[in-house]
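Everything on this sheet refers to the single structure shown next.
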Amino acid sequence: MTITEPGIRRADTQPVSRYHTIGIGAGPSNLSLAALYKNVTSERLALFDSRPGTGWHTPLLYPGVRMQTGWMKDLVSLVDPRHELTFLNYLVTSGRLYALINSQFDSLPRIEYERYLTWATERLGVVNFGAQVDAISLTDEGFQITVDGVPAAVSEHLVLGVGTRAVRPAYLGGLPAERAFIADDLGQRLAALDRTAPTAVIGGGQTGLESVLRLLGSGFTDVRWLGRNQWFRSIDDSPMANELYRPSHIQYLQGLNRGKRRQMIDDSRYSGDAITPGGLRALYQANYDGFLSLGQFPVTLLPGRDVQTSDLLPDGNIRLCCSTSTLPEEHVVRQLVVAAGREHVAAPFDDDLRERVEVDDDGDLLVEPDYSVRWKGMNGHKIYTFNASRYSHGLTNAGLTQLPVRAAIVLNSMFEREIYPIADDVCAVRW
Ligand SMILES: Cc1cc2nc3c(=O)[nH]c(=O)nc-3n(C[C@H](O)[C@H](O)[C@H](O)COP(=O)(O)OP(=O)(O)OC[C@H]3O[C@@H](n4cnc5c(N)ncnc54)[C@H](O)[C@@H]3O)c2cc1C
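Convert by adding 64 to the 1-based position in the sequence shown; the result is the number in the numbering used here.
This is the structure:
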């Protein structure tokens, strides 16, 4: 466990540390919480993250990848623009303000956002890296977390920010790992791949697109991009679509019944779960450049293909069997990159706590408007969760657009007073 805050020590050699609040995960969700927390209370908070150090989806970062959200959507600005951890303060204090402005990015490089998170993490000094929380239990003193099998800390309240992980579809099993892998492994495997061999990228979202662009930029000449939907969709970034990412809309969603809310959230998914428009343009232009030099397009776009199974042929090639809107299809490739979406990471509750936590018909945690989880025997101790409540809190729940607003709502609830007023009244839309 890397120690970043004086007083936090390895639990196998020292007594268990006590905190007012423990956060599991030190991604943007809990960093935003920690940033606001530090300015409103002298109580102690610590975050625990299994990563060895700072980072943000690091395996998927490389030059050229861009953010899907604007720079004002940082850890703090939406509720506290005078906070020292604004993105603007990061730019000024790191001396890169003018260079970035004059580069006139439509969307920021993701690497820059990662650097910003590293800068903020260092200033917060509350993150314990290399700390895989493998159990959360309820004790007489509150929540106890176990790190690497050893009780490490106890707290009054718990905030889950455990995020998501890449889906590994069943058809990857049985294929050679050095030639068939998830997009997170592409950077590590790229050098050993055959640039002229047929290479499939499966997944029509942003990560699929970025994998295709990365292969194209590395000189691959036969890339086949397969996606389940009928076309590769860009994000709807219109003003109306952005109205869905406001506190007033989240509040409106809370007032709907579950079925209606779910339908509205599903209907609006392409305002967020899709490709950055500039990314598709970059692909089309690079593909056209490839056509001019090779006499054929290096990338073939294959939308409407849902890969069901795969098998390894005697010659070492990989056969993919897909359903389509008409007849099934087969694609034979040598190499395979999978970007099939992300799934929630389950909180490591022990059996007793898992029994106490209430879930809905889909098995998802029941999350209140203040992001608290309903559980039996709360006794003043609260569990909050970020990113586990898509169908209660909408699409903002999965992204960066409302980070400080969510954190402010949690703090208002935790300290039972309106520390941060959440006002969003200047709105022309009546939902
Ligand atoms: C490649 C990529 C790009 C994205 N770009 C954007 C974007 O531009 N704009 C946008 O709005 N959204 C974007 N998103 C979606 C979303 O905003 C991010 O996934 C964001 O990082 C979510 O923050 P988080 O803190 O909730 O979770 P995460 O960032 O996933 O952090 C969760 C952390 O919890 C840790 N953890 C999990 N379980 C444990 C455990 N048991 N013990 C200890 N630590 C644990 C993990 O190590 C991880 O560091 C992107 C997602 C991806 C995958």
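All residues carry an ideal CB built from backbone N, CA and C; glycine is no exception.
Minimum C-alpha distance to residue i - residue among the options
i, options, result
"R398", "Y316, L239, F112", "L239"
"G251", "P262, D414, G281, G225", "G281"
"F296", "Y309, S201, L320, T271", "T271"
"S456", "I447, Y435, T364, R160", "Y435"
"D331", "M478, R454, Y162, D198", "R454"
"G237", "L384, L202, R494, D426", "L384"
"A462", "R108, T133, L124, L181", "T133"
"L308", "T465, T390, P116, S93", "T465"
Any non-hydrogen atom of ligand 1 within 7 Å of residue i CB
i, result
"A471", "no"
"M131", "yes"
"H113", "First, the amino acid is wrong: residue 113 is Asp here, not His. Indeed, a heavy atom of ligand 1 lies less than 7 Å from the Cβ."
"R406", "yes"
"G237", "no"
"P215", "no"
"Q315", "no"
"S93", "yes"
"N451", "yes"
"T271", "yes"
"V409", "yes"
"I175", "no"
"H221", "no"
"W120", "yes"
"A462", "yes"
"P412", "yes"
"V437", "no"
Same chain, Cβ closer than 6 Å to residue i, five either side skipped, listed in chain order
i, result
"T68", "Caution is warranted here: a pLDDT of 43 is assigned to T68, below 50, making its placement in the model unreliable, and no coordinate value can be reported."
"P311", "V469, I486, D488"
"R438", "E422, L430"
"V129", "R174, E274"
"L161", "L155"
"S171", "R130, M131"
Nonlocal neighbours in the same chain, by C-beta distance under 7 Å from residue i, ignoring five residues either side
i, result
"P362", "L280, F284, T285, D286, V287, N351, G354"
"G227", "G89, G91, V409, N451"
"E407", "T228, R229, V231"
"P70", "Any answer about P70 is weak, because its pLDDT of 34 lies below 50 and its placement is not dependable; what the coordinates show is given next. Cβ within range, chain order: n/a, list empty."
"I72", "Since pLDDT at I72 reaches only 40, below the 50 mark, its modelled position is unreliable, and no value is offered."
"T373", "Y235, C385"
"D76", "For D76, the predicted structure reports a pLDDT of 48, less than 50, and the residue's modelled location is therefore unreliable. A value from the coordinates is still provided. V214, listed in sequence order."
"V218", "V80, R82, T203, E205, G206, F207, Q208"
Residues sharing a beta bridge with residue i, DSSP
i, result
"A217", "S81, I209"
"C491", "BP columns for C491 are empty, so no partner."
Residues near residue i in its chain [Cβ-Cβ closer than 8 Å; skip 5 each side]
i, result
"S477", "D434, Y435, S436, K446, Y448"
Hey, is the stretch 87-101 in contact with the stretch 424-442, meaning 3+ C-beta pairs nearer than 8 Å? no
Could you say if the stretch 221-241 and the stretch 78-97 meet the contact criterion of at least three C-beta pairs nearer than 8 Å? yes
Any 3 or more C-beta pairs closer than 8 Å across the stretch 253-261 and the stretch 317-333: no
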